Amino acid sequence: MSSEKPPEKLTLSSYMPLVAMAGIILIVQIFAIFLAAPMQAEDMAAFEDPEATTNSLLYIVFILVFTFMLLVAIKKNMKWIIQLTILLAVAFTIYYVLYALLAITPISDFTNNAISILLSIAMTVVLYKFPEWYVIDILGLMIGAGCAAIFGISLAIIPTIVLLVLLAVYDAISVYKTKHMIALADGVMDLKLPILFVIPKHLGYSFRTEKFDKEGEREAFFMGLGDAVMPTILVVSAYMFIEQIGPVHYPALGAMIGTIVGFFALGILVMKGKPQAGLPFLNSGVILGYVAGCLLSGSPLY
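In terms of the working numbering, the sequence shown opens at residue 1 and continues consecutively.
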């Protein structure tokens, strides 16, 4: 999560961006839950065995390799590689989301494929040509929910918790110790890609024209896409792998509430001028919320 130097005195309105960001996280989580069943029906899981903890380790290795490649591209001033890679990932993710949504309609597979391909290409082109903040946010919601749903149906509870713990440790190291995640964020901000959510401070704000001067005051708040995606993986996993007991799916609901509690704890510190790694707060919150939901409903923890 990113914020400029805070005002001298924080008022209630100062925290409205946090409310907006929390709302974005909730939308991603609800949308991801909605996508989970059709994606599972269409066999979109990333791993064959959702119970295998090695899947979590493979995910971490992929993140490390991908991050290293991005840092090398930034150092060699080859940002076009980053832009091309992420735009391709955007197109594929949007395609999966659209295909899953259209799969619940009575149209044929051929028609579904044709529509999903054409729309995913069109949306990616719009993003490339007109990367305004609301385009970034709308596509970010689709991409975030799609990614969380895919990995949520691919990882059962134990592998998901292992993944979230490892990611929280990695995020803390990369922000507080090596600081390479900060360098990576600074290096890709000007590419105007849906790897973050943008909350403008005023309606006249334009993300397309903003110059990211490290010394200047920014006109918007930013939240990394991963801050919404990673805890949502456990929300989806709980929804798909833990049987519902009673009228409410308490494990999934508890995970959602825990995410928001962790987010506000993170946000309050950031608003006070104390930059923090996001995932230690968010992942801890979603795990504790999940456990509380299981205990409340009498559901097994895994």
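Each residue gets a CB set at the ideal place from its N, CA and C atoms; glycine is no exception.
Computed from a predicted model, the values in this text were never measured in an experiment.
Nearest neighbour of Asn55, chosen from Ala156, Ile245, Ile268, Val97 [CA to CA]: In terms of Cα proximity to Asn55, the closest of Ala156, Ile245, Ile268, Val97 is Ala156.
Bridge partner(s) assigned by DSSP for Pro280: Pro280 pairs with nothing; no bridge assigned.
8 Å contact criterion, which Gly152 and Ser237 should meet: CB distance rounded: 5 Å
Cβ-based neighbour list, Ile314, same chain, cut-off 8 Å, excluding 5 preceding and 5 following: Past the boundaries of the shown model lies residue 314; the chain is included only from 1 to 302, so the question cannot be answered.
Range of the contiguous beta strand (DSSP E) that encloses Val198: 196-200
Exposed unless 16 or more other CB atoms sit within 10 angstroms - verdict on Gly144: Burial state of Gly144 is buried, judged by a 10 Å Cβ sphere holding 16 or more other Cβ atoms.
Nearest residue (CA-CA) to Ala220, options His202, Asn283, Asp171: Closest option to Ala220, Cα to Cα, is His202.
Residue from Ile158, His249, Gln276 with nearest C-alpha to Ala52: Ile158
At least 3 beta-carbon pairs within less than 8 Å: the stretch 122-131 vs the stretch 169-176: They do not touch, by the three-pair rule.
Collapsed DSSP secondary structure at Phe222 in the structure displayed: strand
Status (buried if at least 16 other CB within 10 Å, exposed otherwise) for Tyr100: Reading off the sequence shown, one finds Ala at residue 100, where the question assumed Tyr. Only buried fits Ala100, as 16 or more other CB atoms lie within 10 angstroms of its CB.
Candidates Leu87, Ala41, Ile74, Leu57: closest to Ala185 by CA position: Ile74
Cβ shell of Gly258 (< 6 Å), same chain only, five flanking positions each side left out: Excluding sequence neighbours, Gly258 sits near Gly285, Val286, Leu288, Gly289.
C-alpha gap between Cys294 and Leu225, whole angstroms: 27 Å
Alpha-carbon to alpha-carbon, Ala91 and Leu84: 11 Å
Option in Gly267, Leu269, Glu243, Asp227 with minimal Cα separation from Val28: Asp227
Selected residue, minimal CA-CA separation from Leu98, among Gly267, Arg218, Leu35, Met256: Comparing Cα-Cα distances from Leu98 to each of Gly267, Arg218, Leu35, Met256, the minimum goes to Leu35.
Under 8 Å between C-beta atoms of Phe197 and Asp137: Yes, the Cβ-Cβ distance between Phe197 and Asp137 is below 8 Å.
Whole beta strand (DSSP E) elements within the stretch 8-47, 3-residue minimum: The DSSP assignment places no complete beta strand (DSSP E) segment of no fewer than 3 residues inside the stretch 8-47.
Reduced DSSP secondary structure (H/G/I, E/B, other) of Gln244: coil
Collapsed DSSP secondary structure at Leu301 in the structure displayed: For Leu301, the secondary structure class from DSSP, reduced to helix, strand or coil, is coil.
Expected contact under 8 Å - CB spacing of Ala277 and Val175 to nearest Å: With 8 Å as the limit, Ala277 and Val175 qualify as a contact, their Cβ atoms being about 4 Å apart.
8 Å Cβ cutoff met for Ala252 and Ile33: Yes.
Exposure label - Lys192; buried when at least 16 CB within 10 Å: Looking at its Cβ environment, which holds 16 or more other Cβ atoms inside 10 Å, Lys192 is buried.
Residue span of the alpha helix (DSSP H) that contains Val65, given as start and end: Taken as a continuous stretch (DSSP letters only), the alpha helix (DSSP H) holding Val65 covers 54-75.
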